[in-house]
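Protein chains in written order, with my numbering: chain A, 93 to 598; chain B, 15 to 160. Reviewing the structure listed below.
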C-alpha cells in the first residue's frame, strides 16, 4: 500500500494529470452553474472524451467534473434562486435571501469555503473507509453478491423516486434490460429479437448517456424559457477575509455538515439534495438563533454546501468497495471504470491500487482546486447562467451523439442512445425516475451470477437454505434488505398518523 | 378515463409478455433469472394498474408541455441521426445545430448567418478533435461513399 500511495502522489503531481483534473473542475463548475444541466449530465457527456486517455488522467478529470459540478450548483441557487443542480436545493433557502440583501458575495464566499472543506472531509472519509470495506467485500461469495444486489435494488427503489411501486418497477425494467445479450452463465443468447447488434448486450455508458442527457434536454425546451434577471455584484474589500475567519470559528457546523453529507452519500440512492436538506435541518436544530434561518444566514449556506460536497466522497464508497454506485454521477464513473477495463469493487484495490489511490487522493486535491477556482471565479461563471437554452440544448444533443458514437465507432450505439433517451423522457413523465432503471441495469448481472452460482452451490451442498440464509454476511445483508424495504412503509405510517389526528381534530 | 399510470402499467405488462414469449425457448439455467424478473415486473405492473384504476385524480403526464416546441426537437434529433447515416457527421451536425440555434431562439436576436457560423465553428472543432487528436473516424455518410 505505501508504494501505491507514493505512486498516487507522483501521478497527481504530473502536470498533464493535474491540468486535466483542473480543467475538469472548471468545466464541472460551469455546467453545474447552468440550471437544467446536472453533474450526472456533465460526466456522461465527457466520459467518451476520456476513453482514449490513460486511466489516471481519465479518472482524475471525471472526479474533477463531479466535484466542480456539485459546487457549481450553488452559484445559480444563490444568485437567481434556482439550484444549478438538485444538490443545491437547500442552498437557496439562505443563499438567495443573502443576495436580496445585497450580500451575494457573502453567500458565494461561504459556499466556496464550505464546499472545499466539506469536499475534502468527504474525500478523506472515502479514503479511510473504502479500503477496509473492500477487504470485507473480498470475503463475499455468490450468495452475498446476490443479497447485496437485492439490497441495492430495495434501497434505490425506495429512495430514488416518490413512489415505492414505481421505483420497484423501474428497477425491474433495468434488470430486464440487463438480460439482453449473452447469458453470463451458459453463454446462451437472450432477448436480442434477431438483432445481431444486441448480442453483446447494451453498452452501459451509451444507455447512461441516453437516460441522463436526452430527457434533460427535452425538459429544458418543453416549456417556454425565460431569462433570469441580469446578475451583477461587485466584490467588496475585506468581505471574503471576514467570512472565512467567521467560518473557521464554526468548526462544529462544518464538520457536522460534512459528516452528514459523507454518510448520506454512502447510502445508495440518497444524493446531494438529501445530504444538503438533512444537514440544513440539523444546522437549524442546533443553532442558537434558528429563526434567522431562511432569511439570509450564512450558516444555512455553509451547512448545505459542506454536506453536498462531502456527499461526493460518500457516494463513491459503495462504488469503490462493492461496485454499486451511491448516486447517479457515481454510476457514470462506474461506466468510465468499465471503459478502462477496470471492474469496480474490491479488485480495484488489489489489481489497480496505484490508479485507485491516485483517484482517491486526487479528489482531495480537486476539492482544494475547486475552492480556489470558486473563490476567484464564481462571479465570472455567474455571467454564464443566462446562456440561452437555444444554444445549450442543441449542443448537448450534439455532444451526446458524438460521445455515444466514439465509444465503439458504431452508429447503432447512437440509435440506441437516442431510443433510450426518448424512452427515458417518457418514463420520467410517467413518474419513473432513471435512477432505479439504471441501477437495475448495473445490478442485473451481479444478481444473476450470484443467484445461479448460489443455486449450483446449494445443489451440490444438498441445501439451498444453508447457502442462501445461514452465512453470517448473508444474514447481515438480508437484514439490511428487510430494513430498507420496510423503512418506507414505516415512514408512510408515521407520516399518516399526524394527518389522521388532524382530521380527527378538525 | 385513461391516465399515465394505467397506460404505463399496461405498456409494461405488454413488454413483459413480449419478453416472456421471446425467452420461452431458453434453457433452465439461461432462462431462470429473466423469468423471475418478468414475473415480478408483471406483478408490480398489475398492482400499479389496479391502484391507478381505483385512484382517479392523477396528474396528466405531459401537463404544461408545449408540444410545438417539444415535437420539432424530437423529430430533429431523430432526423439528425438519419442524416448522419446519409450525409455524414460533419454536414448533419452543421445542419442540426444551425437549424436549432435559430428555431429555439425566442428572442429573435440570432440571425441565420450567425447560427450557421457558430454551428460551423463547433462542428469543425469537434470534428478536428475526434478525427485527428482522438483518432476516431467520424461517419462520412452513404452519399459520400461511407
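A virtual CB, placed ideally from N, CA and C, is assigned to each residue, including glycine. Computed from a prediction, not measured in an experiment: that's the story for all the values here.
The C-beta of residue 157(B) comes no closer than 7 Å to any C-beta of chain A.
Between residue 516(A) and residue 307(A), the C-beta gap is smaller than 7 Å, which places the two residues in contact.
Cβ-Cβ separation between residue 294(A) and residue 272(A): approximately 6 Å, consistent with a contact (criterion under 8 Å). When the alpha-carbon of residue 471(A) is set against those of 122(A), 360(A), 225(A) and 146(A), the nearest one is in 122(A). Secondary structure at residue 274(A): strand, using DSSP grouped into helix, strand and coil. Closest by C-alpha distance to residue 138(B), out of 126(B), 123(B), 125(B) and 111(B), is 111(B). Residues of chain B whose Cβ lies closer than 8 Å to the Cβ of residue 257(A) are, in chain order, 58, 61, 62 and 65. Here residue 282(A) is bridged, per DSSP, to 273(A). Cβ-Cβ distances below 8 Å link residue 280(A) to 274 in the same chain, with the five nearest sequence neighbours on each side left out; the list follows chain order.
Residue 463(A) and residue 344(A) have their C-alpha atoms roughly 20 Å apart.
For residue 402(A), same chain residues with a beta-carbon under 6 Å away, outside a window of 5 residues either side, are 210, 213, 214, 350, 353 and 354 in chain order. Judged by pairs of C-beta atoms under 8 Å, the region 102-120 of chain A does not touch the region 375-388 of chain A, as fewer than three such pairs exist. Closer than 7 Å to the CB of residue 101(B) there is not a single CB belonging to chain A.
Burial state of residue 282(A) is buried, judged by a 10 Å Cβ sphere holding 16 or more other Cβ atoms. Separation of residue 447(A) and residue 417(A) (C-alpha to C-alpha, rounded to the nearest whole angstrom) is 18 Å. The beta-carbon distance between residue 304(A) and residue 136(A), rounded to whole angstroms, is 5 Å. This is short enough to meet the 8 Å contact definition. A Cβ-Cβ distance of about 18 Å is found for the pair residue 201(A) and residue 477(A), leaving them out of contact under the 8 Å criterion.
Exposed is the label assigned to residue 377(A), since fewer than 16 other Cβ atoms lie within 10 Å of its Cβ. Within the region 135-172 of chain A, complete alpha helix (DSSP H) segments of at least 4 residues are found at 147-172, given in chain order. Proximity to residue 82(B) across 120(B), 96(B) and 47(B) peaks at 120(B), based on C-alpha coordinates.
Between the beta-carbon of residue 152(A) and that of residue 546(A) there is about 38 Å, and that puts the pair past the 8 Å contact cut. When the beta-carbon positions are compared, residue 159(A) and residue 459(A) come within less than 7 Å of each other. The residue from 441(A), 493(A), 131(A) and 156(A) with its alpha-carbon nearest to that of residue 513(A) is 493(A). Taking a Cβ-Cβ cut-off of 9 Å, the neighbours of residue 498(A) in chain B comprise 144, 148, 150 and 152, given in sequence order. Taking every protein chain shown into account, the CB of residue 509(A) has 16 or more other CB atoms within 10 angstroms, so this residue is buried. Short of 8 Å from the beta carbon of residue 169(A), and not among the five residues preceding or following it, lie these beta carbons of its own chain, in chain order: 175, 176, 180, 181, 183, 184, 187 and 188.
Residue contact check for residue 490(A) against chain B: a CB pair falls below 7 Å.
The alpha carbon of residue 428(A) has as its nearest neighbour, out of 298(A), 373(A), 223(A) and 488(A), the alpha carbon of 298(A).
Residue contact with chain A for residue 109(B): absent (no Cβ-Cβ distance below 7 Å to any residue of chain A). Annotation: residue 529(A) has no Cβ neighbours in chain B at a cutoff of 7 Å; minimum Cβ distance is about 12 Å. With a contact defined as Cβ atoms closer than 8 Å, residue 393(A) and residue 199(A) qualify at about 5 Å. Here residue 561(A) is exposed: its Cβ has fewer than 16 other Cβ atoms, across all protein chains shown, within 10 Å. In the three-state reduction of the DSSP assignment, residue 497(A) falls in the helix class. Around the CB of residue 575(A), fewer than 16 other CB atoms lie within 10 Å, so the residue is classed as exposed. For the pair residue 449(A) and residue 23(B), the Cα-to-Cα distance works out to about 45 Å.
For residue 149(A), there are no neighbours in chain B by C-beta distance under 9 Å, as the nearest C-beta there is about 14 Å away.
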